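What follows is a short report on a single structure.
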Amino acid sequence: MSNYILITALIALAICAVFLFAFERKRPSARDILPIVIMCVIASVGRVIFSFLPGIQPVTAIVIIMGVCYGPQTGFVTGALCALISNVFIGHGPWTPWQMLAWGLIGIIGAGIAHFRWGRKTYVLAAYGVLAGFLYSMIMDIWTVSTLASGLTLPIVLSVYGAGLLYNIGHAIGNAVFIVLLYKPLSKKLLRLRSKYGILEKEIK
Amino acid sequence: MSRYSNFFGDYHPVVVFIYYMSIFVLLITITHPAFLLVSLFVLLLYSLLLDGIKSLLKSLVYMIPMVLFIAVINPFFNHYGETPLFYMNNRPVTLEALLFGVFTGVLIIGLIFLFKSFSRCIDSHRFIYLFGKILPTISLMITMVMRFMPYLKRKLSAISQTQATLGVSVNEGRIKKRLQSGANILSILISVSLEGTIDTADSMKARGYQLKGKTHYNTFVYTSRDFVLLVSTVILDIFFAIVVIRGSYAFEFYPRLTEVSFNSITILILVVNCLFMGLPIIVNIVEEVRWKLSRRKI
């Protein structure tokens, strides 16, 4: 019965693997991977610094901005790496694949929104940041729910989701604030880097 | 650093990885309360030996609310089970559901400690050794993130010092000015490090990054002790596979708790489990004793 933990973790890991292998297959050059590395450092350090506040951390905002500026694949890789690395300091667990998946998908969706002209506005992205806070916990709580897989009922699922509400509200608000603060200056820097050195140009639509 | 050196982490990463994956699968497959309690005890003991009592208590304090939540939430919404404790809105709150909630909570604690000891044995260097062949770029990026952390910290202090001479400092002035200074310094840090990546990238390219036939440097040697550990892991895996397949050690919570019996076979299973989960502890103690003995000879 507890095998649900293993099965769901493997599913999450498999989905992550598909995206990561797609990234590997493109054989990204050194210039392409380094901006991701730097942003991962800043996001992960930020997460560790802010870890005393429930749910509030800059990772989600930075992942969204990376997705918006550099496309879906970069967004996913940034999210997955941030989860993998910041958990070295905060604590790995069976939830790590879920976290990688959640942040990765948030990055991909961010890139999807930025595809439209209206999607590049700060307030649109801040609103998406709020949504992303809840999306994140919806994906993450699949793990919590899977530990209770035997005799699972709808009220239990709802109460597990409800228990994270305070955390999620913190996360959602934090995302919006970080996006409002970071989006303009950071995207300016990232886009400048791209037009100056031709980084990740293959991903330009 | 820990009071205790972790000799188990010095074994070959592949073998250690296989060992931890076996234990992970075992812990979530055999859902027997006695088995879980014994496993938890051994995992806590290992954590105690590695990090000391203070760190252990601190992490337990964090976990207890979560476990209590799961233990309480299950019986109130899950009405399977035959032994009602009391009724709420005409629906029974059953002993079985309560115990299943407690069981799940304890299982989660066990998993957290398992992953703790896993990350003590498989650090980022070993992680990259394990996955470098499958995901070379991602592994490289993980190493680089680890390397850039102290680098950016140094950069940050250099920038802050320079900016302080211009009157931009987070340590003076009113809150608003401090925040502005902080944002300024952060902005400079990001610009400088993003621009700096171009140098790093070109240097990597010049040194043959992504060229065919490049090999990786690694310090991991597969020796006889790794072979012994691998063989013991496989033997113990087979032992527990037989236990699971025979099904004699199964435990069900619903509709009624399976009776826990202690006979020679179940006790054997628990002892073997103790040995399996405790392998890192045994290895560490043996190595410690050998070290003490060889020092005495000098």
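Protein chains in written order, with the numbering used here: chain D, 36 to 240; chain U, 318 to 615.
Beta carbons: idealized from backbone N, C-alpha and C, even for Gly.
Since the model is a prediction, treat every value here as computed from it, not as a measurement.
As assigned by DSSP and simplified to three states, the class of residue i
i: Phe403(U); result: strand
i: Pro409(U); result: strand
i: Pro467(U); result: helix
i: Trp153(D); result: helix
i: Ser578(U); result: coil
i: Gln527(U); result: coil
i: Lys61(D); result: coil
i: Leu201(D); result: helix
i: Phe544(U); result: helix
i: Glu569(U); result: coil
i: Asn122(D); result: helix
i: Trp608(U); result: helix
i: Asp440(U); result: coil
i: Gly139(D); result: helix
i: Trp130(D); result: coil
Any C-beta of chain U under 8 Å from that of residue i
i: Leu45(D); result: no
i: Leu221(D); result: yes
i: Ile40(D); result: yes
i: Leu119(D); result: yes
i: Tyr232(D); result: yes
i: Met36(D); result: With a pLDDT of 48 at Met36(D), under the threshold of 50, the modelled position of that residue is not reliable, and the figure given next carries that caveat. Judged by the 8 Å Cβ criterion, Met36(D) is in contact with chain U.
i: Phe58(D); result: yes
i: Ile239(D); result: Annotation note: pLDDT 45 at Ile239(D) (below 50); position unreliable, no value reported.
i: Ser194(D); result: yes
i: Gly199(D); result: no
i: Lys224(D); result: yes
i: Thr109(D); result: no
i: Ala149(D); result: no
i: Val72(D); result: yes
Proximity to residue i [Cα-Cα], best of the options
i: Ile562(U); options: Ile425(U), Thr346(U), Pro330(U); result: Thr346(U)
i: Gln134(D); options: Tyr196(D), Met173(D), Gly205(D), Tyr202(D); result: Met173(D)
i: Thr411(U); options: Leu402(U), Gln478(U), Phe417(U), Ile615(U); result: Leu402(U)
i: Leu225(D); options: Ile97(D), Ile204(D), Gly209(D); result: Ile97(D)
i: Leu415(U); options: Ala388(U), Val548(U), Leu362(U); result: Ala388(U)
i: Asn122(D); options: Phe432(U), Ile390(U), Tyr397(U); result: Phe432(U)
i: Thr454(U); options: Ser194(D), Ile42(D), Lys61(D); result: Lys61(D)
i: Val560(U); options: Leu587(U), Arg542(U), Glu604(U); result: Leu587(U)
i: Met338(U); options: Phe111(D), Ala44(D), His150(D); result: Ala44(D)
i: Ile177(D); options: Leu216(D), Tyr196(D), Lys231(D), Asp67(D); result: Tyr196(D)
i: Gly547(U); options: Leu596(U), Asn407(U), Met380(U); result: First, the amino acid is wrong: residue 547(U) is Leu here, not Gly. Considering only alpha carbons, the answer is Leu596(U).
i: Phe444(U); options: Asn488(U), Phe537(U), Phe386(U); result: Phe537(U)
i: His396(U); options: Lys375(U), Tyr379(U), Gly418(U); result: Gly418(U)
Residue i and residue j closer than 8 Å at C-beta
i: Gly260(D); j: Tyr171(D); result: Past the edges of chain D, shown from 36 to 240, lies residue 260(D), and the structure says nothing about it.
i: Pro93(D); j: Gly81(D); result: yes
i: Leu263(D); j: Thr131(D); result: Because residue 263(D) is not part of the residues shown, which for chain D are 36 to 240, the question remains open.
i: Leu649(U); j: Leu469(U); result: Residue 649(U) is absent from the structure shown; chain U starts at 318 and stops at 615.
i: Leu636(U); j: Pro63(D); result: Only positions 318 to 615 of chain U appear in this structure, which leaves residue 636(U) out of reach.
i: Tyr218(D); j: Thr157(D); result: yes
i: Met521(U); j: Ala65(D); result: yes
i: Ile335(U); j: Thr540(U); result: no
i: Gly90(D); j: Gly209(D); result: yes
i: Ser498(U); j: Ser434(U); result: no
i: Thr188(D); j: Phe393(U); result: no
Short CB-CB distance (under 8 Å) between residue i and chain D
i: Arg320(U); result: Because the pLDDT of Arg320(U) is 45, which lies under 50, any placement of that residue in the model is unreliable, and the number read from its coordinates should be weighed accordingly. Not closer than 8 Å to any Cβ of chain D, the Cβ of Arg320(U) fails to qualify, so no.
i: Thr454(U); result: yes
i: Ile586(U); result: no
i: Leu385(U); result: no
i: Met338(U); result: no
i: Phe432(U); result: yes
i: Phe682(U); result: Residue numbering for chain U in the displayed model covers 318 to 615; residue 682(U) lies beyond these limits and cannot be assessed.
i: Thr532(U); result: no
task: Tell me the start and end of each unbroken beta strand (DSSP E) in the region 345-431 of chain U that is at least 3 residues and wholly inside, in chain order.
output: 401-405, 408-411
Minimum length 4: unbroken alpha helix (DSSP H) runs contained in the region 482-506 of chain U: none
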